[in-house]
Structure formats: C-alpha cells, structure tokens
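Its first residue numbered 0, the sequence shown is counted upward by one per residue in numbering that gives the first Met the number 0. Positions of the beta carbon are idealized from the N, C-alpha and C atoms, including for glycine. Remarks on the structure that follows.
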Amino acid sequence: MGYIIGIDVGGTFTDAVLADDAGNIVGAKAPSTPPDYSEGVLDVIGVLAEQMGLTVREVLANTQHIAHGTTSSLNALVMGNVPPVGFITTRGHRDSIYIMNVEGRYLGGSPEQLQSVVTQSKSHGLIPKRHAHEVTERVDRDGNIIVPLDEDDVRMAVRDLIDQNVSGIAVSLLWSFRNPTHERRIRDIIHEITRRCLSQSHLRSVQGSGNLPETQPPS
0 MGYIIGIDVG GTFTDAVLAD DAGNIVGAKA PSTPPDYSEG VLDVIGVLAE QMGLTVREVL
60 ANTQHIAHGT TSSLNALVMG NVPPVGFITT RGHRDSIYIM NVEGRYLGGS PEQLQSVVTQ
120 SKSHGLIPKR HAHEVTERVD RDGNIIVPLD EDDVRMAVRD LIDQNVSGIA VSLLWSFRNP
180 THERRIRDII HEITRRCLSQ SHLRSVQGSG NLPETQPPS
C-alpha cells in the first residue's frame with residue numbers, strides 16, 4: 000500500500016497528514032525543533048507511524064510522495080532572524096531591489112494608509128548594500144549576450160562576500176531566464192571558491208519583466 004504525506008512546519012508545532020490508497024487519513028502533531036526543523040519532521044512522521052502500528056522505516060519505504068510546507072521562513076523574515084546573504088547582479092542594477100519598483104512603500108497597507116503618505120514607510124531590504132555586488136555582463140530580453148561576463152568581477156565579488164562571512168549567495172542577472180549562461184558560469188566560479196549555499200534566479204518559475212520579479216525568490 001502506498002502513502003502520501005503532507006507536512007506543515009510551523010514555528011511551534013509541526014503537523015502532518017498521511018493518506019493511503021484506500022483514502023484512509025491519519026493526522027499527527029509534534030513540537031517543531033528550531034533551528035534544525037528536520038528533527039521535528041522526523042518526529043511527526045514517527046507519530047504517524049506509531050498511530051498506524053508501523054515503524055518509521057516501514058512508513059517511508061511505502062511512501063510515494065511527501066509534500067512539505069513551512070511558515071518558519073516567513074517567521075524568520077518577520078522577526079529579522081535571518082543569516083547574512085550576499086547578492087550578485089548585473090552592473091548598474093544593484094539598486095533595483097532597494098527601489099522595489101516604488102511599491103515597497105505601500106504594498107500590504109490598509110486603504111487608509113494608501114491615502115496618506117505620512118503613514119507610509121518603506122520596508123528595509125533584507126540584504127545590506129555592502130553585501131550586494133555588481134558584475135559586468137548583459138543579456139538582452141531575447142537572450143542575446145550583449146556584454147560578456149567579466150569573470151574577474153565575479154571572483155572579486157565572491158571573495159569579498161566570503162570575507163564578510165555571508166552564509167549564502169543569491170545570483171540574479173537581468174533576463175537570465177531567457178539565457179542562463181552567465182548565471183551558470185557564476186555558479187561554477189562560486190563553487191570553485193566556496194561550497195556555501197547558492198540560489199540562482201533562472202532556476203525559479205518567475206519570469207517577470209525587469210530585475211525585481213526575478214530577484215525576489217533568490218533573495
């Protein structure tokens with residue numbers, strides 16, 4: 000019999016639901032385990048297994064799919080409890096994420112706030128400007144390489160970010176979803192220097208026009 004498991008990791012509890020081929024459903028709850036939330040995930044699977052009279056190994060061996068979601072990342076953003084991250088983008092476009100398409104001042108505001116500039120405030124960027132680097136390169140909207148990637152720029156940026164002790168590096172180049180060649184090369188250069196966490200905008204499904212929509216997922 001095959002199982003499907005859905006898991007929601009919250010700041011306090013981790014909830015899970017298991018469904019089998021016959022449509023039977025079992026639910027379970029276990030405390031979340033920050034900073035290593037994976038322990039709570041395994042704990043809640045253990046509770047599911049216990050309710051079914053099986054071992055965790057038996058449940059996982061017959062599980063066809065696990066869907067996972069979490070609010071822990073949102074909680075971290077709201078609390079400002081996030082590790083330092085570096086950012087690499089196309090030269091001349093670093094400030095795009097700080098300008099926020101001029102939407103950062105009013106997005107999420109109430110109707111009353113939208114009508115009063117006095118009550119509006121622009122949110123702070125998650126990445127300090129000292130952690131944001133520009134590299135020489137350019138791809139146009141059709142995916143044509145207009146300016147080749149300056150690999151020396153990339154190496155200097157990566158080494159500077161490492162010196163600043165960032166835990167990961169986000170890469171978001173203009174129109175990279177049309178032609179990811181430069182982002183892939185930056186990935187290779189980063190991996191030559193460090194094995195820190197890496198996020199690339201072209202791997203995401205967002206295909207917006209301009210730099211901000213692409214940058215929101217990796218940053």
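Length of the line joining the Cα atoms of residue i and residue j
| i | j | result |
| --- | --- | --- |
| residue 146 | residue 136 | 5 Å |
| residue 125 | residue 195 | 18 Å |
| residue 97 | residue 143 | 27 Å |
| residue 16 | residue 74 | 22 Å |
| residue 204 | residue 177 | Since pLDDT at residue 204 reaches only 44, below the 50 mark, its modelled position is unreliable, and the value read off the structure follows with that caveat. C-alpha separation (whole angstroms): 12 Å. |
| residue 45 | residue 26 | 12 Å |
| residue 79 | residue 179 | 31 Å |
| residue 115 | residue 108 | 10 Å |
| residue 24 | residue 77 | 33 Å |
| residue 8 | residue 72 | 10 Å |
| residue 156 | residue 55 | 45 Å |
| residue 171 | residue 110 | 33 Å |
| residue 93 | residue 168 | 14 Å |
| residue 14 | residue 22 | 19 Å |
| residue 198 | residue 175 | 13 Å |
| residue 127 | residue 163 | 11 Å |
| residue 95 | residue 53 | 53 Å |
| residue 183 | residue 140 | 18 Å |
Assigned exposure category for residue i - 16 Cβ within 10 Å defines buried
| i | result |
| --- | --- |
| residue 11 | exposed |
| residue 200 | buried |
| residue 34 | exposed |
| residue 186 | buried |
| residue 188 | buried |
| residue 190 | exposed |
| residue 173 | buried |
| residue 218 | Only weak support is given to the placement of residue 218: the predicted model assigns it a pLDDT of 42, under 50, and the value that follows is read from those uncertain coordinates. The residue is buried, with at least 16 neighbouring Cβ atoms inside 10 Å. |
| residue 81 | exposed |
| residue 123 | exposed |
CB contact flag (residue i, residue j, <8 Å)
| i | j | result |
| --- | --- | --- |
| residue 165 | residue 85 | yes |
| residue 134 | residue 152 | yes |
| residue 6 | residue 40 | yes |
| residue 43 | residue 29 | yes |
| residue 83 | residue 130 | yes |
beta-carbon residue i near the ligand MN non-hydrogen atom, thresh 7 Å
| i | result |
| --- | --- |
| residue 165 | Ligands are entirely absent from the displayed structure, and the ligand MN is therefore not among its contents. |
Beta-carbon proximity list for residue i, same chain, < 6 Å, skipping 5 on both sides
| i | result |
| --- | --- |
| residue 221 | The structure shown does not extend to residue 221, since the chain is modelled only from 0 to 218, so the question has no answer here. |
| residue 32 | 38 and 39 |
| residue 181 | 136, 148 and 172 |
| residue 58 | 48 |
Own chain, CB closer than 8 Å to residue i, minus 5 neighbours either side, in chain order
| i | result |
| --- | --- |
| residue 149 | 134, 135 and 136 |
| residue 192 | 154, 157, 158 and 161 |
| residue 70 | 7, 8, 9 and 10 |
| residue 63 | 1, 2 and 3 |
| residue 36 | 8, 13, 69 and 71 |
Sequence-distant residues of its chain with Cβ nearer than 7 Å to residue i (five each side left out)
| i | result |
| --- | --- |
| residue 65 | 4 and 6 |
Inter-stretch contact at 8 Å, needing at least 3 Cβ pairs: the segment 81 to 93 / the segment 34 to 54: no
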